[in-house]
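**Student:** My questions will all concern the structure given below.
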Amino acid sequence: MHTDTERCVRAVQSKDARFDGWFFTAVVTTRIYCRPSCPVVPPKVENMTFLPSAAACQQAGFRACKRCRPDTSPGSPQWNARADSVARAMRLIADGVVDREGVTGLAARLGYSARQIERQLLAELGAGPLALARSQRAQTARLLIETTGLPMADVAFAAGFASVRTFNDTVREVFALAPGELRTRAARGSGPATTPGVIALRLPYRAPLNPSNLFGHLAATAVPGVEEWRDGAYRRTLTLPHGHGIVSLAPGPDHITCRLLLTDPRDLTRAISRCRWLLDLDADPVAVDAQLRADPLLAPLVDKAPGRRVPRTVDGAEFAVRAVLGQQVSTAAARTHAARLVTAHGTPVHDPEGGLTHLFPTPQALAGLDPEALALPRTRRRTLTTLVAALADGTLRLGMDTDWERARAELAALPGFGPWTVEVIAMRALGDPDAFLPTDLGIRRAAAQLGLPATPAALTARAARWRPWRAYAVQYLWTVDDHPINHLPG
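This is the structure in structure tokens:
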């Protein structure tokens with residue numbers, strides 16, 4: 422339960438959407454739980470209690486409000502801003518790890534016992550890993566029910582339920598509607614039909630969101646065959662636990678339009694998690710911008726185009742390989758090097774709607790590549806092959822659960838990994854919101870124009886006032902240059 426009751430009450434009474442996902446309002450008289458911005462008339466203060474997660478609400482016997490659909494709120498921004506075990510656990514649960522590996526697998530990834538993880542999650546979220554995973558399964562089931570024509574039995578197993586009976590009972594308990602009733606209600610309010618097999622979703626975010634830096638960066642650095650910008654949308658292939666997928670992501674006024682084509686619907690949870698991670702959709706831009714705006718040198722950049730996100734990646738290993746290929750070369754050259762690897766070692770896929778041709782090669786697929794076949798300097802060949810070997814044998818892990826400082830130390834120990842490569846991986850692959858690039862050429866040019874210190878050490882010291890959001894400061898500093906990453910393609 423949240424202890425700052427007064428602040429929660431103010432957020433509910435003002436219908437402040439900035440708090441959606443931070444906490445949930447449970448109404449003791451109706452046994453309904455809502456997001457803070459629910460459009461209905463707020464209940465009396467004495468009838469409200471505040472819980473930290475949808476799972477905690479469901480575990481306490483509350484059902485999701487049919488008006489505000491609190492289960493579809495953006496995730497709490499704190500799970501991506503923190504590096505502790507609870508935050509890492511939440512990122513993994515959102516990625517579907519409990520459904521695939523169980524609580525024991527979750528705990529093993531984090532280096533704790535199952536009992537320790539249960540105790541930590543209960544203390545902070547009011548629900549253990551099984552309850553949190555159950556809440557997520559219910560949301561996945563709802564998406565499949567409302568956006569596909571899959572038979573209900575297929576929906577049940579695709580969402581991760583062990584039986585159709587458990588699926589039916591959970592959906593009724595969480596949403597106060599049977600699965601068939603959910604589909605009927607969705608059909609009455611549905612828009613134009615989508616391509617057969619495509620799952621169409623809306624991914625919510627906290628406003629504001631600046632699409633120019635987010636999609637401009639992804640489009641400008643897109644690897645041919647794996648990524649493309651087409652008809653106002655960023656599209657890419659996805660490697661998933663049970664198969665592969667193709668996703669299309671387009672910015673909207675209050676959501677991201679997401680269209681997924683999956684070879685196996687059991688991968689929906691992972692695909693959504695990776696898309697949200699890629700676009701940094703659970704960030705709290707108001708809090709970030711407020712901190713950065715306090716610096717008079719950054720304030721004009723923030724005011725000009727607020728809501729910048731950190732463009733991340735769908736796969737940490739993929740980004741690490743691309744970061745090495747991008748060392749000391751232009752964006753165009755980095756794309757060319759990556760495209761050659763994709764053509765030679767990537768798995769071919771069929772794209773019925775565009776020009777995507779391959780999955781990005783896995784570390785295992787790259788482990789046997791001939792260094793002499795790479796059109797790279799000899800030292801960079803050694804850097805790449807050493808990285809790929811460490812990723813392939815599991816010595817190095819760059820996942821959502823990775824400890825940021827441990828990963829930095831392991832990366833720095835590899836040949837050819839200087840501060841820029843380590844920090845850009847920490848920022849975009851590991852999601853550290855405080856990663857900083859004082860040696861980056863674009864950052865140094867911006868520093869010179871803004872009157873910031875010129876040397877990396879002095880600039881790092883000056884950037885201390887931007888903590889813990891230095892990765893977002895990087896996005897604003899990059900806007901000083903007129904670079905394609907700052908603009909949506911025409």
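For the record, in the sequence shown the residue sitting at position 206 is 627 according to our numbering, with numbers rising by one throughout. C-beta: ideal position from N, C-alpha, C; glycine also. Every value quoted in this text rests on a predicted model; they were computed, and no experiment measured them.
CA-CA distance, Val519 and Pro686?
**Tutor:** Position 98 of the sequence shown, counted from the start, is the residue given in the question as residue 519. Position 265 of the sequence shown, counted from the start, is the residue given in the question as residue 686. Spanning the two alpha carbons is a distance of roughly 17 Å.
**Student:** Report the rounded CA-to-CA distance for Pro463 versus Gln434, giving the unit in angstroms.
**Tutor:** Position 42 of the sequence shown, counted from the first residue, corresponds to residue 463. Position 13 of the sequence shown, counted from the first residue, corresponds to residue 434. If I take the Cα positions, the gap works out to 6 Å.
**Student:** Going by DSSP in three states, Ala438 sits in which element: helix, strand or coil?
**Tutor:** Here the question's residue 438 lines up with position 17 in the sequence shown. Correct three-state label for Ala438: helix.
**Student:** Short check: CB of Pro457 to CB of Asp425, under 8 Å?
**Tutor:** Position 36 of the sequence shown, counting from 1, holds the residue named residue 457. Position 4 of the sequence shown, counting from 1, holds the residue named residue 425. No. Outside cutoff.
**Student:** Is the beta carbon of Leu795 less than 8 Å from the beta carbon of Leu808?
**Tutor:** Stepping through the sequence shown from its first residue, residue 795 is reached at position 374. Stepping through the sequence shown from its first residue, residue 808 is reached at position 387. Taking 8 Å as the Cβ cut-off, Leu795 and Leu808 do not qualify as a contacting pair.
**Student:** Taking the Cβ atom as the reference point for each residue, do Met573 and Pro550 lie within a distance shorter than 8 Å?
**Tutor:** For the purposes of this step, residue 573 is taken as residue 152 along the sequence shown, with counting starting at 1. For the purposes of this step, residue 550 is taken as residue 129 along the sequence shown, with counting starting at 1. For Met573 and Pro550, no; Cβs fall outside 8 Å.
**Student:** If the criterion is Cβ atoms closer than 8 Å, does the pair Ser474 and Gly547 meet it?
**Tutor:** Along the sequence shown, read from residue 1 onward, the residue named residue 474 stands at position 53. Along the sequence shown, read from residue 1 onward, the residue named residue 547 stands at position 126. For Ser474 and Gly547, yes; Cβs fall inside 8 Å.
**Student:** If you compare alpha carbons, which of Thr900, Ile864, Asp902 and Val461 is closest to Ala884?
**Tutor:** Taking the first residue of the sequence shown as 1, we reach residue 884 at position 463. The shortest C-alpha separation from Ala884 is found at Ile864.
**Student:** Quick one, are the C-beta atoms of Pro905 and Ala726 less than 8 Å apart?
**Tutor:** One-based indexing of the sequence shown puts residue 905 at position 484. One-based indexing of the sequence shown puts residue 726 at position 305. Their beta carbons are not under 8 Å apart, which means Pro905 does not touch Ala726 by this criterion.
**Student:** Please check the pair Thr678 and Arg743, which I expect to be a contact at CB under 8 Å, by giving their CB distance rounded to whole angstroms.
**Tutor:** Position 257 of the sequence shown holds residue 678. Position 322 of the sequence shown holds residue 743. Not really, about 26 Å apart at Cβ, beyond 8 Å.
**Student:** Leaving out five residues on either side along the sequence, give the residues of the same chain with a beta carbon under 6 Å from the beta carbon of Val901.
**Tutor:** One-based indexing of the sequence shown puts residue 901 at position 480. Only Ala867 and Gln870 meet the Cβ criterion.
**Student:** Use the C-beta contact count for Asp441: other C-beta atoms within 10 angstroms, 16 or more gives buried, fewer gives exposed.
**Tutor:** Along the sequence shown, one-based indexing puts residue 441 at 20. Asp441 comes out buried.
**Student:** For Arg656, tell me which candidate among Thr569, Met469, Pro773 and Ser556 has the shortest Cα-Cα distance.
**Tutor:** Within the sequence shown, numbered from 1, the residue matching residue 656 stands at position 235. Among Thr569, Met469, Pro773 and Ser556, the Cα nearest to that of Arg656 is on Pro773.
**Student:** What residue does the beta strand (DSSP E) around Ser694 start on, and which one ends it?
**Tutor:** One-based indexing of the sequence shown puts residue 694 at position 273. Counting along the chain, Ser694 falls outside any beta strand (DSSP E), though it belongs to the alpha helix (DSSP H) covering Leu689 to Leu700.
**Student:** State the DSSP-derived secondary structure class of Phe445, mapped to helix, strand or coil.
**Tutor:** Position 24 of the sequence shown holds residue 445. Three-state DSSP puts Phe445 in a strand.
**Student:** If you draw a straight line from the C-alpha of Thr658 to the C-alpha of Ala579, how long is it?
**Tutor:** Locating residue 658 in the sequence shown gives position 237, counting from the first residue. Locating residue 579 in the sequence shown gives position 158, counting from the first residue. So the alpha carbons of these two residues sit roughly 20 Å apart.
**Student:** Taking buried to mean at least 16 other C-beta atoms within 10 Å of its own C-beta, is Pro769 buried or exposed?
**Tutor:** Taking the first residue of the sequence shown as 1, we reach residue 769 at position 348. Pro769 comes out exposed.
**Student:** Only counting the same chain, and skipping five residues up and downstream in sequence, which positions put a Cβ closer than 6 Å to that of Val843?
**Tutor:** Here the question's residue 843 lines up with position 422 in the sequence shown. So the qualifying residues of the chain are Arg829, Leu832 and Ala833.
**Student:** With Ser365 as the anchor, note down where its beta strand (DSSP E) starts and where it stops.
**Tutor:** Because the chain is modelled from 422 through 911, residue 365 falls outside the range shown and cannot be assessed.
**Student:** Can you list, in chain order, the residues of its chain whose CB lies under 6 Å from that of Pro859, leaving out five sequence neighbours each side?
**Tutor:** Translated into positions along the sequence shown, residue 859 becomes position 438. The residues are Pro877, Leu880 and Thr881.
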